[in-house]
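Protein sequence lines correspond, in order, to chains A and B.
Under our numbering, read the first sequence as residues 1 to 223, first letter to last.
Under our numbering, read the second sequence as residues 224 to 494, first letter to last.
Built from N, CA and C at the ideal position, the CB exists for glycine as well.
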Amino acid sequence: MWRDTLAVAGKDLRIEMRSRVLLNQVVPFALLVLVLFAFALGPRSGPMVQASAGLFWVTLLFAAVLGVQRSSALETGEGTRDGLRMSGLDPAGVFLGKTAALCVQLVFLEVLLTAGVVLLYGAHIRSIGPLVVACLAGTAGLAAVGTIYGMLSSGLRVRETLLPFLLLPVVAPVVLAGTRAWQVALGTGVGGGAVPYLELLAIFAAVYLALGVVIYGPLLEAS
Amino acid sequence: MSHRTTLAVRVIGVGAVVCLVATVWLGLWVTPPDQVQRNLVRLVYVHPPVAWVALYLAFGIACVSSVLWLWRRTRSAFFDRLAASSMEVGTVFTALTLVTGSIWGRPTWGVWWAWDARLTSTALLLVLQLGYLTLRRIPGDFDSRARRSSIAALVAAVDVPIVHFSVQWWRTLHQGATVLNANLSPTIHGSMAWTLLLGFVAFTLVFFWMLLVRYRVQVLSDALEGTELQGALEERWVEGDGLPAPGRLPDEGGTAGGALVGVSLSEKVQR
Numbered sequence: 001m002w003r004d005t006l007a008v009a010g011k012d013l014r015i016e017m018r019s020r021v022l023l024n025q026v027v028p029f030a031l032l033v034l035v036l037f038a039f040a041l042g043p044r045s046g047p048m049v050q051a052s053a054g055l056f057w058v059t060l061l062f063a064a065v066l067g068v069q070r071s072s073a074l075e076t077g078e079g080t081r082d083g084l085r086m087s088g089l090d091p092a093g094v095f096l097g098k099t100a101a102l103c104v105q106l107v108f109l110e111v112l113l114t115a116g117v118v119l120l121y122g123a124h125i126r127s128i129g130p131l132v133v134a135c136l137a138g139t140a141g142l143a144a145v146g147t148i149y150g151m152l153s154s155g156l157r158v159r160e161t162l163l164p165f166l167l168l169p170v171v172a173p174v175v176l177a178g179t180r181a182w183q184v185a186l187g188t189g190v191g192g193g194a195v196p197y198l199e200l201l202a203i204f205a206a207v208y209l210a211l212g213v214v215i216y217g218p219l220l221e222a223s
Numbered sequence: 224m225s226h227r228t229t230l231a232v233r234v235i236g237v238g239a240v241v242c243l244v245a246t247v248w249l250g251l252w253v254t255p256p257d258q259v260q261r262n263l264v265r266l267v268y269v270h271p272p273v274a275w276v277a278l279y280l281a282f283g284i285a286c287v288s289s290v291l292w293l294w295r296r297t298r299s300a301f302f303d304r305l306a307a308s309s310m311e312v313g314t315v316f317t318a319l320t321l322v323t324g325s326i327w328g329r330p331t332w333g334v335w336w337a338w339d340a341r342l343t344s345t346a347l348l349l350v351l352q353l354g355y356l357t358l359r360r361i362p363g364d365f366d367s368r369a370r371r372s373s374i375a376a377l378v379a380a381v382d383v384p385i386v387h388f389s390v391q392w393w394r395t396l397h398q399g400a401t402v403l404n405a406n407l408s409p410t411i412h413g414s415m416a417w418t419l420l421l422g423f424v425a426f427t428l429v430f431f432w433m434l435l436v437r438y439r440v441q442v443l444s445d446a447l448e449g450t451e452l453q454g455a456l457e458e459r460w461v462e463g464d465g466l467p468a469p470g471r472l473p474d475e476g477g478t479a480g481g482a483l484v485g486v487s488l489s490e491k492v493q494r
C-alpha cells in the first residue's frame, strides 16, 4: 500500500511540476482573495489583524476547492479511471497518494498565504507551534475529505458546482478549529488555549483518513 | 405494494392524525402557560419532537441504511431506497426544526437567528442533507447512484458529531436538555410532560407515514425509469436494421446500432 501511495503521490506531484497549475493559477487566486478581503474590511490595520486568522482559513478553503478539482480532474481523462482501476494499485494507496500530493501543494500554498497575512494585514506571529500544528492537521483533514469528494463528484457533468456544495459544509469544523488555533498563535483570540482545537483538527484528519482508506475502493468502482 | 403494507401505511397515517390532533388540543387548550415563557412554551410540544425526528431518527435511518447498502452481504435496493426516502423526509424535518427554533428564538433571544451551537450544527446538517439530495438527483445507473449516495451519507454521518462538538466549543446559548438531562431527572411535569410525550409519538408517526409513502414513490419512480429505458430500447430495435431482437442487449463493442442504443440509453438516463 505504501509503495502505491508513493507512486500515486509522485505521479500527481510530477504532473503539477510540469503543468504548474497551482503556481500559475491557484496561488494568484488565493493572494487575490486576501487583497479583496482587505478591500472589504477597509484600510485600517486593526480589523484586518483581528480577522486575519479567519481570513487565512477561508482563503485556504477556497483555494483548496480549486486544488481538489484539479486533483480529481487528473483522473477524469479518457480511460484514466479505468486505467487506475485496472492498474492493480491498492485503492487505499491511491487515496493516500492523492491526499499526500494535495497536502504538499496546500502546505506550499499555506506558506505563501501566511506570508501574505503577515505582510498585507500586519499580523504578528506570537507562537509558531499552534500555527504549524494547526496547518498540518487542518491540511491533512482538508486533503482527505477533498480527495473523497473529488472522486465522488468526478465524472459528473455538474462536478464544478457540486464539489464546493458538498465539500464546504463538511470542512466547517476545520475552518472553525483552525481559526481558533491561529487566533491563539497570532494573539488575537478571546482567551483559552489552542490545544482543544488542535486535537479537534487531528481527530478530524484521522477520522477522514481512516474513512477514505476504507471507502476509496467502492468509490473508485462508482466513479 | 402488498395489501398488508398498504394497510400498515393507512393505520400509521390515521394514528399520526389522531395523535397530532390530540397534541394540538392538549398543547393549545389544556396545558397551562409557563411561569416565565408564558404561551411561548407551547412551541415545546412541536420543536423538540420535530428535532428528534430530524436529527436522530431520519438521519440515523438514512446513515444505517447507507452502511447496510455498502456492506456486500446486506446490499439490496431496499436499503438504498430507504436511505434516500429517510434523508428526503428528514430534510423537511430539519428545515422545520430550524423554522420552529427561529420562531421561538425571536421573542426569547431577541433575534431570529443566533450563532448558537445547536442552531449552527443543525443548519450545517441541512446543507449536508441538501447536498445528499442533489447528488442523488444526478442521473446515472442505479448502482453508481446508490454507491455515491451511500458514501455521501457516511461522510455526513461522521461529520455531524465533529461539527456539533466544534460549534459547542465555539459557543452555545441553547438551553440544556429538559427531559434527557445528565441526571435523568425531567424538569417538566404534569400535563405539559404528557403533551410533550404525545408530541414525540405524533411526529414520529408522521415521519414513518411520510417515509413509507416516499419509499413507495421511490419504488414507482425506479419502475417507471426501467419502463422508459425498455421503451427506448425497443424503439431503437424497431428502427435499426440488423440490431438484436427486443429483450437482448447488443454485444459489447458491437455494431453502429449498438452505439445508437447507447446514445438512447444515456439520453433517457440523463432525462
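{"Asked": "Rounded to whole angstroms, how far is the Cβ of Lys98 of chain A from the Cβ of Asp12 of chain A, which I believe are closer than 8 angstroms?", "Found": "6 angstroms"}
{"Asked": "Could you check which residue in A:Val35, A:Pro130, A:Pro169 has the C-alpha nearest to that of Tyr149 of chain A?", "Found": "A:Pro169"}
{"Asked": "Determine, using beta carbons only, whether Phe165 of chain A comes closer than 9 angstroms to chain C.", "Found": "This model lacks chain C altogether; the protein chains it does include are A and B."}
{"Asked": "So, under 8 angstroms CB-CB, Leu167 of chain A and Val94 of chain A are touching, yes? Tell me the CB distance rounded to an integer number of Å.", "Found": "So it is not a contact: roughly 19 angstroms between Cβ atoms."}
{"Asked": "Have a look at A:Leu162, A:Glu75, A:Thr114 and flag the residue whose alpha-carbon is nearest the alpha-carbon of Gly54 of chain A.", "Found": "A:Thr114"}
{"Asked": "In the DSSP assignment, the alpha helix (DSSP H) including Ala134 of chain A goes from what residue to what residue?", "Found": "128–153"}
{"Asked": "According to DSSP, is Arg261 of chain B helix, strand or coil?", "Found": "strand"}
{"Asked": "Output yes or no for whether 9 angstroms exceeds the beta carbon distance between Leu377 of chain B and Ser289 of chain B.", "Found": "yes"}
{"Asked": "Name the two residues that bound the continuous alpha helix (DSSP H) containing Gln50 of chain A.", "Found": "45–73"}
{"Asked": "Output the boundary residues of the alpha helix (DSSP H) element that contains Glu78 of chain A.", "Found": "Taken as a continuous stretch (DSSP letters only), Glu78 of chain A belongs to no alpha helix (DSSP H), as it is neither H nor E."}
{"Asked": "Any idea what DSSP makes of Val335 of chain B, helix, strand or coil?", "Found": "One point to set straight first is that residue 335 of chain B is Trp, not Val, in the sequence displayed. In the structure shown, Trp335 of chain B sits in coil (DSSP, three-state: anything other than H, G, I, E or B)."}
{"Asked": "What residues of chain A sit near Ala375 of chain B, judged by a beta carbon separation below 8 angstroms?", "Found": "Leu152, Leu166"}
{"Asked": "Could you give the C-beta distance for Leu112 of chain A and Val27 of chain A, rounded to a whole number, given that I count them as a contact under 8 angstroms?", "Found": "6 angstroms"}
{"Asked": "Contact defined as beta carbons within less than 8 angstroms: I believe Trp292 of chain B pairs with Phe302 of chain B. What is the distance between those atoms, to the nearest angstrom?", "Found": "4 angstroms"}
{"Asked": "Should Gln453 of chain B be labelled buried (16 or more other beta-carbon atoms within 10 Å of its own) or exposed?", "Found": "exposed"}
{"Asked": "For Leu249 of chain B, which residues of its own chain have a beta-carbon under 8 angstroms away from its beta-carbon, when the five flanking residues on both sides are left out?", "Found": "Tyr268, Ser414, Trp417, Thr418, Leu421"}
{"Asked": "Starting from His226 of chain B, trace the alpha helix (DSSP H) both ways and give me its first and last residue.", "Found": "226–248"}
{"Asked": "Is it right to say Trp275 of chain B is buried, meaning 16 or more other beta carbons lie within 10 angstroms of its own, or is it exposed?", "Found": "buried"}
{"Asked": "With DSSP run on the structure shown, which of helix, strand or coil describes Met1 of chain A?", "Found": "coil"}
{"Asked": "If contacts are defined as beta-carbon pairs under 8 angstroms, then Val117 of chain A and Ser52 of chain A qualify, I think. What distance do you get, rounded to the angstrom?", "Found": "5 angstroms"}
{"Asked": "Determine the direct distance from the alpha carbon of Thr345 of chain B to that of Ser325 of chain B, and round the result to whole angstroms.", "Found": "12 angstroms"}
{"Asked": "Do the stretch 57–67 of chain A and the stretch 136–156 of chain A meet, that is, are 3 or more Cβ pairs less than 8 angstroms apart?", "Found": "yes"}
{"Asked": "According to DSSP, is Arg157 of chain A helix, strand or coil?", "Found": "coil"}
{"Asked": "Determine, for Pro91 of chain A, whether the minimum Cβ-Cβ distance to residues of chain B falls below 9 angstroms.", "Found": "no"}
{"Asked": "Is Pro271 of chain B helix, strand or coil when you go by DSSP?", "Found": "helix"}
{"Asked": "Going by CA-CA distance only, name the one from B:Gly449, B:Thr254, B:Leu358, B:Ala300 that's closest to Glu160 of chain A.", "Found": "B:Leu358"}
{"Asked": "Smallest Cα separation from Val184 of chain A: which of A:Gly193, A:Ala177, A:Leu176?", "Found": "A:Gly193"}
{"Asked": "Please check if any C-beta of chain A sits within less than 9 angstroms of the C-beta of Leu353 of chain B.", "Found": "yes"}
{"Asked": "Quick one: is Asp82 of chain A buried, meaning 16 or more other Cβ sit within 10 Å of its Cβ, or exposed?", "Found": "exposed"}
{"Asked": "Go to Ile284 of chain B, then tell me how far its alpha helix (DSSP H) extends in each direction, as first and last residue.", "Found": "282–293"}
{"Asked": "Where does Tyr121 of chain A land, buried or exposed, given buried means 16+ other C-beta within 10 angstroms?", "Found": "buried"}
{"Asked": "In terms of residue numbering, what span does the alpha helix (DSSP H) encompassing Val26 of chain A cover?", "Found": "Taken as a continuous stretch (DSSP letters only), Val26 of chain A belongs to no alpha helix (DSSP H), as it is neither H nor E."}
{"Asked": "Since Ala239 of chain B contacts Ala425 of chain B with CB under 8 angstroms, what's their CB separation in whole angstroms?", "Found": "6 angstroms"}
{"Asked": "Please classify Asp445 of chain B: does DSSP put it in a helix, a strand, or coil?", "Found": "helix"}
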